[in-house]
Amino acid sequence: MMDKPKFRIEDFIQKTILIAFVFSIIGLISFAGVSVLYLAPVEPENEAYMEFVVKEGWAKNTVAEELAKAGLIKSPFFFKFYIKVNDRQLYAGTYQLSKSMSTEEIIKVLNSSNSLENETLVITFIEGKRLPSYAKKISEVFGHDEAEVMAKLSDETYLKGLIQQYWFITDDILNKDLYYPLEGYLFPDTYIIKKNASIEDILGKMLLTMDSKLKMYKTEIELSKFSVHQLLTMASIVELEGINPEDRAQVAGVFYNRIKDNWTLGSDVTTYYAVKKDFTVDLTKKDLAKCNPYNTRAESSCAFTGLPVGPICGASLSAITGAIEPAEHDYYYFVADKNNKTWLSKTYADHVKRINQLKKDGLWFTY
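Quick note on my numbering: the sequence shown kicks off at 473 and runs consecutively.
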(Lines of atoms letter the chains of each structure in order from A; the text may use other names.)
(Lines give C-alpha, C1' and ligand atoms only; values in the text may rest on other atoms or scores of the structure.)
Protein backbone atom coordinates (compact mmCIF):
# COMPACT_ATOMS: atom_id res chain seq x y z
CA MET A 473 0.00 0.00 0.00
CA MET A 474 1.45 3.29 -1.04
CA ASP A 475 1.82 6.13 1.42
CA LYS A 476 -0.40 9.17 1.01
CA PRO A 477 1.64 12.09 -0.42
CA LYS A 478 2.54 14.62 2.19
CA PHE A 479 1.08 18.13 1.98
CA ARG A 480 3.87 20.59 1.51
CA ILE A 481 3.20 24.24 2.23
CA GLU A 482 6.04 25.24 -0.11
CA ASP A 483 4.33 23.59 -3.07
CA PHE A 484 1.05 25.29 -2.24
CA ILE A 485 2.65 28.70 -2.08
CA GLN A 486 4.47 28.14 -5.36
CA LYS A 487 1.26 27.03 -7.10
CA THR A 488 -0.64 29.99 -5.66
CA ILE A 489 2.03 32.44 -6.83
CA LEU A 490 2.08 30.80 -10.25
CA ILE A 491 -1.70 31.02 -10.58
CA ALA A 492 -1.68 34.65 -9.39
CA PHE A 493 1.09 35.46 -11.83
CA VAL A 494 -0.80 33.88 -14.70
CA PHE A 495 -3.96 35.77 -13.82
CA SER A 496 -1.93 38.99 -13.47
CA ILE A 497 -0.47 38.49 -16.91
CA ILE A 498 -3.92 37.80 -18.30
CA GLY A 499 -5.24 40.87 -16.48
CA LEU A 500 -2.45 43.08 -17.78
CA ILE A 501 -2.93 41.81 -21.32
CA SER A 502 -6.67 42.43 -21.05
CA PHE A 503 -6.10 45.90 -19.56
CA ALA A 504 -3.59 46.71 -22.27
CA GLY A 505 -6.04 45.62 -24.90
CA VAL A 506 -8.81 47.72 -23.39
CA SER A 507 -6.39 50.64 -23.02
CA VAL A 508 -5.50 50.50 -26.69
CA LEU A 509 -9.19 50.47 -27.52
CA TYR A 510 -10.06 53.45 -25.31
CA LEU A 511 -6.95 55.47 -26.20
CA ALA A 512 -7.64 55.17 -29.94
CA PRO A 513 -9.18 58.04 -31.96
CA VAL A 514 -12.91 58.55 -31.56
CA GLU A 515 -13.42 58.95 -35.31
CA PRO A 516 -10.23 58.04 -37.24
CA GLU A 517 -11.58 59.39 -40.54
CA ASN A 518 -12.85 62.70 -39.16
CA GLU A 519 -9.95 65.11 -39.64
CA ALA A 520 -11.97 68.28 -39.08
CA TYR A 521 -10.44 70.47 -36.39
CA MET A 522 -12.26 72.18 -33.55
CA GLU A 523 -11.10 74.68 -30.95
CA PHE A 524 -10.80 73.28 -27.45
CA VAL A 525 -10.17 75.60 -24.51
CA VAL A 526 -8.29 74.53 -21.39
CA LYS A 527 -9.12 77.21 -18.85
CA GLU A 528 -6.64 78.51 -16.30
CA GLY A 529 -6.90 76.53 -13.06
CA TRP A 530 -8.63 73.49 -14.54
CA ALA A 531 -7.73 70.17 -12.87
CA LYS A 532 -6.76 67.21 -15.05
CA ASN A 533 -10.07 65.55 -14.14
CA THR A 534 -11.95 68.56 -15.52
CA VAL A 535 -9.93 68.53 -18.74
CA ALA A 536 -10.68 64.83 -19.18
CA GLU A 537 -14.40 65.34 -18.63
CA GLU A 538 -14.58 68.32 -21.03
CA LEU A 539 -12.69 66.40 -23.71
CA ALA A 540 -15.17 63.55 -23.38
CA LYS A 541 -18.11 66.00 -23.62
CA ALA A 542 -16.60 67.41 -26.81
CA GLY A 543 -16.35 63.89 -28.24
CA LEU A 544 -12.56 64.08 -28.51
CA ILE A 545 -11.71 61.10 -26.26
CA LYS A 546 -13.46 57.82 -25.48
CA SER A 547 -12.64 57.50 -21.79
CA PRO A 548 -11.82 60.13 -19.14
CA PHE A 549 -10.45 57.30 -16.94
CA PHE A 550 -7.89 56.10 -19.48
CA PHE A 551 -7.03 59.71 -20.34
CA LYS A 552 -6.17 60.37 -16.68
CA PHE A 553 -4.40 57.00 -16.39
CA TYR A 554 -2.18 57.81 -19.38
CA ILE A 555 -1.29 61.22 -17.93
CA LYS A 556 -0.45 59.64 -14.57
CA VAL A 557 1.70 56.85 -15.98
CA ASN A 558 3.58 59.16 -18.35
CA ASP A 559 3.81 62.08 -15.89
CA ARG A 560 2.40 64.67 -18.33
CA GLN A 561 1.30 68.24 -17.57
CA LEU A 562 -1.56 70.08 -19.27
CA TYR A 563 -1.39 73.80 -20.04
CA ALA A 564 -4.14 76.40 -20.29
CA GLY A 565 -4.90 77.78 -23.73
CA THR A 566 -6.91 77.36 -26.91
CA TYR A 567 -5.97 74.36 -29.04
CA GLN A 568 -6.91 72.90 -32.41
CA LEU A 569 -7.91 69.26 -31.87
CA SER A 570 -9.49 66.61 -34.07
CA LYS A 571 -11.52 63.45 -33.41
CA SER A 572 -9.01 61.67 -35.66
CA MET A 573 -6.33 62.22 -33.00
CA SER A 574 -5.53 59.52 -30.45
CA THR A 575 -5.56 60.28 -26.74
CA GLU A 576 -1.77 60.22 -26.81
CA GLU A 577 -1.69 62.81 -29.61
CA ILE A 578 -4.20 65.03 -27.81
CA ILE A 579 -2.19 64.90 -24.58
CA LYS A 580 0.96 65.71 -26.53
CA VAL A 581 -0.70 68.87 -27.92
CA LEU A 582 -2.05 69.97 -24.53
CA ASN A 583 1.35 69.27 -22.98
CA SER A 584 3.26 71.29 -25.57
CA SER A 585 1.86 74.69 -24.56
CA ASN A 586 1.52 75.25 -28.31
CA SER A 587 -1.86 76.94 -28.02
CA LEU A 588 -3.35 79.31 -30.58
CA GLU A 589 -2.48 82.13 -28.19
CA ASN A 590 1.17 81.15 -28.48
CA GLU A 591 1.28 80.48 -32.24
CA THR A 592 2.91 83.37 -34.09
CA LEU A 593 3.01 84.83 -37.58
CA VAL A 594 5.70 86.97 -39.21
CA ILE A 595 4.58 90.18 -40.91
CA THR A 596 6.71 92.82 -42.63
CA PHE A 597 5.62 96.41 -43.16
CA ILE A 598 7.74 98.22 -45.75
CA GLU A 599 8.87 101.79 -45.18
CA GLY A 600 7.63 104.36 -47.67
CA LYS A 601 4.20 102.73 -47.96
CA ARG A 602 0.92 104.42 -47.15
CA LEU A 603 -1.40 103.36 -44.34
CA PRO A 604 -3.95 101.55 -46.57
CA SER A 605 -1.18 99.20 -47.72
CA TYR A 606 -0.47 98.34 -44.07
CA ALA A 607 -4.17 97.63 -43.51
CA LYS A 608 -4.14 95.36 -46.55
CA LYS A 609 -1.08 93.54 -45.23
CA ILE A 610 -2.74 92.96 -41.86
CA SER A 611 -5.76 91.57 -43.66
CA GLU A 612 -3.67 89.23 -45.80
CA VAL A 613 -1.58 87.83 -42.94
CA PHE A 614 -4.04 87.77 -40.04
CA GLY A 615 -7.36 87.49 -41.85
CA HIS A 616 -8.87 90.63 -40.36
CA ASP A 617 -11.26 92.42 -42.68
CA GLU A 618 -9.40 95.27 -44.40
CA ALA A 619 -12.35 97.65 -43.96
CA GLU A 620 -12.40 96.88 -40.23
CA VAL A 621 -8.70 97.68 -39.95
CA MET A 622 -9.21 101.02 -41.68
CA ALA A 623 -12.24 101.74 -39.48
CA LYS A 624 -10.17 101.12 -36.36
CA LEU A 625 -7.44 103.45 -37.66
CA SER A 626 -9.94 106.32 -37.86
CA ASP A 627 -12.09 105.50 -34.83
CA GLU A 628 -12.13 108.67 -32.71
CA THR A 629 -12.58 106.86 -29.41
CA TYR A 630 -9.62 104.62 -30.19
CA LEU A 631 -7.52 107.60 -31.30
CA LYS A 632 -8.27 109.58 -28.13
CA GLY A 633 -7.26 106.55 -26.09
CA LEU A 634 -3.91 106.48 -27.89
CA ILE A 635 -3.36 110.16 -27.11
CA GLN A 636 -3.73 109.34 -23.43
CA GLN A 637 -1.48 106.29 -23.72
CA TYR A 638 1.50 107.49 -25.79
CA TRP A 639 3.62 110.58 -25.13
CA PHE A 640 4.36 111.14 -28.83
CA ILE A 641 0.73 111.07 -30.00
CA THR A 642 -1.13 114.37 -29.62
CA ASP A 643 -4.35 116.03 -30.71
CA ASP A 644 -2.64 116.65 -34.06
CA ILE A 645 -3.98 113.27 -35.24
CA LEU A 646 -7.55 114.50 -34.79
CA ASN A 647 -7.17 117.11 -37.55
CA LYS A 648 -10.09 116.60 -39.94
CA ASP A 649 -7.89 117.41 -42.95
CA LEU A 650 -5.82 114.27 -42.43
CA TYR A 651 -6.54 111.41 -44.81
CA TYR A 652 -5.50 108.84 -42.20
CA PRO A 653 -4.94 109.96 -38.58
CA LEU A 654 -2.21 107.42 -37.81
CA GLU A 655 -0.32 107.76 -41.10
CA GLY A 656 3.38 107.88 -40.21
CA TYR A 657 2.88 106.69 -36.62
CA LEU A 658 3.06 102.93 -37.20
CA PHE A 659 6.73 101.98 -37.39
CA PRO A 660 7.52 99.86 -40.47
CA ASP A 661 9.46 96.74 -39.50
CA THR A 662 9.28 92.95 -39.40
CA TYR A 663 7.17 91.72 -36.50
CA ILE A 664 6.49 88.34 -34.91
CA ILE A 665 2.93 88.56 -33.58
CA LYS A 666 0.54 86.03 -32.08
CA LYS A 667 -1.67 84.40 -34.69
CA ASN A 668 -4.90 85.33 -32.91
CA ALA A 669 -3.85 88.95 -32.29
CA SER A 670 -6.62 91.52 -32.54
CA ILE A 671 -6.36 94.59 -34.77
CA GLU A 672 -5.58 96.67 -31.69
CA ASP A 673 -2.86 94.19 -30.64
CA ILE A 674 -1.13 94.51 -34.02
CA LEU A 675 -1.37 98.31 -34.15
CA GLY A 676 -0.24 98.46 -30.52
CA LYS A 677 2.90 96.48 -31.35
CA MET A 678 3.78 98.95 -34.11
CA LEU A 679 3.09 101.96 -31.91
CA LEU A 680 5.23 100.55 -29.09
CA THR A 681 8.08 100.13 -31.56
CA MET A 682 7.68 103.73 -32.72
CA ASP A 683 7.70 104.73 -29.06
CA SER A 684 11.03 102.97 -28.51
CA LYS A 685 12.57 104.50 -31.65
CA LEU A 686 11.51 108.06 -30.77
CA LYS A 687 12.60 107.74 -27.13
CA MET A 688 16.20 107.56 -28.34
CA TYR A 689 15.76 111.17 -29.50
CA LYS A 690 13.39 112.39 -26.81
CA THR A 691 15.74 115.12 -25.60
CA GLU A 692 16.28 116.44 -29.14
CA ILE A 693 12.53 116.30 -29.79
CA GLU A 694 11.75 118.25 -26.63
CA LEU A 695 14.31 120.92 -27.60
CA SER A 696 13.10 121.12 -31.20
CA LYS A 697 10.83 123.90 -32.38
CA PHE A 698 8.90 121.27 -34.31
CA SER A 699 6.28 118.97 -32.80
CA VAL A 700 6.53 115.18 -33.01
CA HIS A 701 3.76 115.28 -35.61
CA GLN A 702 5.77 117.74 -37.71
CA LEU A 703 8.96 115.72 -37.34
CA LEU A 704 7.18 112.54 -38.46
CA THR A 705 5.74 114.51 -41.37
CA MET A 706 9.20 115.65 -42.37
CA ALA A 707 10.55 112.11 -41.93
CA SER A 708 7.88 110.72 -44.28
CA ILE A 709 8.82 113.23 -46.99
CA VAL A 710 12.53 112.55 -46.51
CA GLU A 711 11.83 108.80 -46.74
CA LEU A 712 10.47 109.21 -50.26
CA GLU A 713 12.70 112.02 -51.49
CA GLY A 714 15.99 110.74 -50.05
CA ILE A 715 16.37 107.51 -51.98
CA ASN A 716 19.73 106.69 -50.39
CA PRO A 717 19.44 106.37 -46.57
CA GLU A 718 22.88 107.92 -46.20
CA ASP A 719 21.67 111.13 -47.91
CA ARG A 720 18.49 111.64 -45.89
CA ALA A 721 19.95 114.08 -43.38
CA GLN A 722 21.17 116.17 -46.35
CA VAL A 723 17.71 116.13 -47.94
CA ALA A 724 16.12 117.09 -44.61
CA GLY A 725 18.56 120.01 -44.42
CA VAL A 726 17.30 121.29 -47.78
CA PHE A 727 13.69 121.24 -46.63
CA TYR A 728 14.49 122.92 -43.31
CA ASN A 729 16.37 125.67 -45.18
CA ARG A 730 13.27 126.24 -47.28
CA ILE A 731 11.05 126.39 -44.21
CA LYS A 732 13.42 128.81 -42.49
CA ASP A 733 13.31 131.17 -45.45
CA ASN A 734 9.53 130.82 -45.96
CA TRP A 735 9.80 128.89 -49.20
CA THR A 736 7.34 126.26 -50.27
CA LEU A 737 8.77 122.76 -49.93
CA GLY A 738 7.98 122.04 -53.59
CA SER A 739 8.01 118.29 -52.99
CA ASP A 740 6.53 116.07 -55.69
CA VAL A 741 5.87 113.22 -53.25
CA THR A 742 3.46 115.38 -51.26
CA THR A 743 1.49 116.06 -54.44
CA TYR A 744 1.33 112.36 -55.24
CA TYR A 745 -0.14 111.78 -51.79
CA ALA A 746 -2.51 114.73 -52.10
CA VAL A 747 -4.05 113.40 -55.30
CA LYS A 748 -3.77 109.76 -54.14
CA LYS A 749 -1.66 108.62 -57.06
CA ASP A 750 1.19 106.11 -56.90
CA PHE A 751 4.62 106.73 -58.38
CA THR A 752 4.03 104.69 -61.51
CA VAL A 753 2.23 107.58 -63.22
CA ASP A 754 3.17 111.17 -63.93
CA LEU A 755 1.64 114.16 -62.21
CA THR A 756 -0.46 116.45 -64.37
CA LYS A 757 -0.59 120.26 -64.31
CA LYS A 758 -4.00 119.89 -62.70
CA ASP A 759 -2.49 117.73 -59.96
CA LEU A 760 0.26 120.25 -59.27
CA ALA A 761 -2.22 123.12 -59.07
CA LYS A 762 -4.63 121.29 -56.74
CA CYS A 763 -5.49 123.14 -53.54
CA ASN A 764 -4.79 120.59 -50.82
CA PRO A 765 -3.17 120.79 -47.35
CA TYR A 766 -0.81 118.00 -48.42
CA ASN A 767 0.25 119.52 -51.74
CA THR A 768 3.43 121.55 -51.19
CA ARG A 769 3.63 122.27 -54.93
CA ALA A 770 0.25 123.96 -55.11
CA GLU A 771 0.37 127.11 -57.20
CA SER A 772 -0.79 130.74 -56.78
CA SER A 773 -3.43 131.27 -54.08
CA CYS A 774 -3.21 127.63 -52.94
CA ALA A 775 0.51 127.73 -52.23
CA PHE A 776 1.68 127.48 -48.62
CA THR A 777 5.01 127.47 -46.85
CA GLY A 778 6.08 124.92 -44.28
CA LEU A 779 5.08 121.31 -43.85
CA PRO A 780 1.94 119.60 -45.12
CA VAL A 781 -0.85 118.74 -42.70
CA GLY A 782 0.57 115.32 -41.81
CA PRO A 783 2.84 112.40 -42.72
CA ILE A 784 2.49 110.81 -46.14
CA CYS A 785 3.95 107.35 -45.45
CA GLY A 786 5.63 105.16 -42.87
CA ALA A 787 9.21 106.36 -42.40
CA SER A 788 12.29 104.27 -41.63
CA LEU A 789 14.60 105.01 -38.72
CA SER A 790 17.14 106.64 -41.05
CA ALA A 791 14.48 109.07 -42.30
CA ILE A 792 13.31 109.82 -38.75
CA THR A 793 16.90 110.39 -37.68
CA GLY A 794 17.44 112.68 -40.66
CA ALA A 795 14.35 114.71 -39.75
CA ILE A 796 15.43 115.08 -36.11
CA GLU A 797 19.14 115.56 -36.82
CA PRO A 798 19.32 117.22 -40.26
CA ALA A 799 22.57 118.22 -41.94
CA GLU A 800 23.42 121.92 -41.68
CA HIS A 801 24.28 123.50 -45.02
CA ASP A 802 23.12 126.25 -47.39
CA TYR A 803 21.56 124.18 -50.15
CA TYR A 804 17.97 124.67 -51.33
CA TYR A 805 17.63 122.11 -54.12
CA PHE A 806 18.42 118.45 -54.65
CA VAL A 807 17.95 115.79 -57.28
CA ALA A 808 18.68 112.06 -57.28
CA ASP A 809 20.11 110.23 -60.29
CA LYS A 810 19.26 106.71 -61.44
CA ASN A 811 22.07 105.32 -59.24
CA ASN A 812 20.39 106.81 -56.15
CA LYS A 813 23.09 109.45 -55.69
CA THR A 814 21.71 112.76 -54.40
CA TRP A 815 23.04 116.02 -55.86
CA LEU A 816 22.58 119.27 -53.91
CA SER A 817 22.43 122.78 -55.39
CA LYS A 818 22.35 126.26 -53.87
CA THR A 819 20.49 128.02 -56.69
CA TYR A 820 17.76 127.12 -59.13
CA ALA A 821 20.12 127.82 -62.05
CA ASP A 822 22.63 125.30 -60.65
CA HIS A 823 19.78 122.83 -60.07
CA VAL A 824 18.69 123.06 -63.73
CA LYS A 825 22.27 122.62 -64.91
CA ARG A 826 22.60 119.48 -62.80
CA ILE A 827 19.38 118.02 -64.25
CA ASN A 828 20.51 118.72 -67.82
CA GLN A 829 23.90 117.14 -67.11
CA LEU A 830 22.28 114.00 -65.65
CA LYS A 831 20.07 113.68 -68.73
CA LYS A 832 23.09 114.14 -71.00
CA ASP A 833 25.01 111.45 -69.09
CA GLY A 834 22.08 109.03 -69.17
CA LEU A 835 21.69 109.21 -65.39
CA TRP A 836 18.31 110.93 -65.27
CA PHE A 837 15.84 108.92 -63.20
CA THR A 838 12.52 108.03 -64.84
CA TYR A 839 9.65 105.98 -63.44
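We treat Cβ as the ideally placed atom computed from N, Cα and C, and that holds for glycine.
Task: Burial state of residue 573, where buried means 16 or more other Cβ atoms lie within 10 Å - done: buried
Open item on the list: Quick check on DSSP: helix, strand or coil for residue 529?
Closed with: coil
Open item on the list: Buried or exposed for residue 785, going by 16 or more other Cβ atoms inside 10 Å?
Closed with: buried
Open item on the list: Less than 6 Å between C-beta atoms, sequence neighbours within five positions excluded: which residues of the same chain meet that for residue 547?
Closed with: 510
- [ ] Please go through the same chain and pick out, in chain order, the residues whose beta-carbon is closer than 8 Å to the beta-carbon of residue 814, but skip the five residues on each side of it.
- [x] 714, 715, 716, 719, 722, 723, 806, 807, 808
Open item on the list: Please classify residue 759 as buried or exposed, where buried requires at least 16 other C-beta atoms within 10 Å of its C-beta.
Closed with: buried
TODO: Let me know the secondary structure DSSP gives residue 819 once reduced to three states.
DONE: coil
Open item on the list: Assuming residue 675 is part of the alpha helix (DSSP H), what are its boundary residues?
Closed with: 671 to 687
Open item on the list: On a Cα-Cα basis, can you pick out the residue from 708, 732, 734 that is closest to residue 740?
Closed with: 708
Task: Buried versus exposed call for residue 633 [16 or more other C-beta atoms within 10 Å across all chains shown] - done: exposed
Task: Given residue 683 as reference, the closest of 641, 652, 654, 669 once Cα atoms are compared - done: 641
TODO: Using three-state DSSP, classify residue 523 as helix, strand or coil.
DONE: strand
- [ ] Could you check the C-alpha separation between residue 698 and residue 665 for me, to the nearest Å?
- [x] 33 Å
Task: Status (buried if at least 16 other CB within 10 Å, exposed otherwise) for residue 834 - done: exposed
Open item on the list: Given a cut-off of 9 Å on the beta-carbon distance, is the pair residue 661 and residue 688 in contact?
Closed with: no
Open item on the list: Can you confirm whether the stretch 810 to 828 touches the stretch 730 to 737 when touching is taken to mean that 3 or more C-beta pairs between the two stretches lie within less than 8 Å?
Closed with: no
Open item on the list: Given a cut-off of 9 Å on the beta-carbon distance, is the pair residue 554 and residue 595 in contact?
Closed with: no
TODO: Would you decide whether residue 501 is buried or exposed? Buried here means 16 or more other CB atoms lie within 10 Å of its CB.
DONE: Because the pLDDT at residue 501 is just 48, under 50, the model does not fix this residue reliably, and the point stays unresolved.
Task: Ordered list of beta strand (DSSP E) runs contained in the stretch 784 to 819, each at least 3 residues - done: 805 to 808, 814 to 817
TODO: Assuming residue 710 contacts residue 795 (C-beta within less than 8 Å), just tell me the rounded distance between them.
DONE: 6 Å
Task: DSSP beta-bridge partners of residue 567 - done: 524
Open item on the list: I'd like the span of the alpha helix (DSSP H) that includes residue 742, first residue to last.
Closed with: 740 to 746
TODO: Look at the alpha carbon of residue 765 and the alpha carbon of residue 811, and state the distance between them as a whole number of angstroms.
DONE: 32 Å
TODO: Specify, as a first and last residue, the run of the beta strand (DSSP E) that residue 663 falls within.
DONE: 662 to 666
TODO: For residue 549, count neighbouring C-beta atoms within 10 Å of its own C-beta (all shown protein chains included) and say buried if the count is 16 or more, exposed if not.
DONE: exposed
- [ ] Can you say whether residue 788 is buried or exposed, counting buried as having 16 or more other CB atoms within 10 angstroms of its CB?
- [x] buried
Open item on the list: Using a 10 Å radius around the Cβ and a threshold of 16 neighbouring Cβ atoms, would you call residue 522 buried or exposed?
Closed with: exposed
TODO: Mind listing, in chain order, the continuous beta strand (DSSP E) runs of no fewer than 3 residues lying wholly within the stretch 593 to 671?
DONE: 662 to 666
Open item on the list: For residue 528, which residues in the same chain have their Cβ closer than 7 Å to its Cβ, ignoring the five residues on either side in sequence?
Closed with: 564
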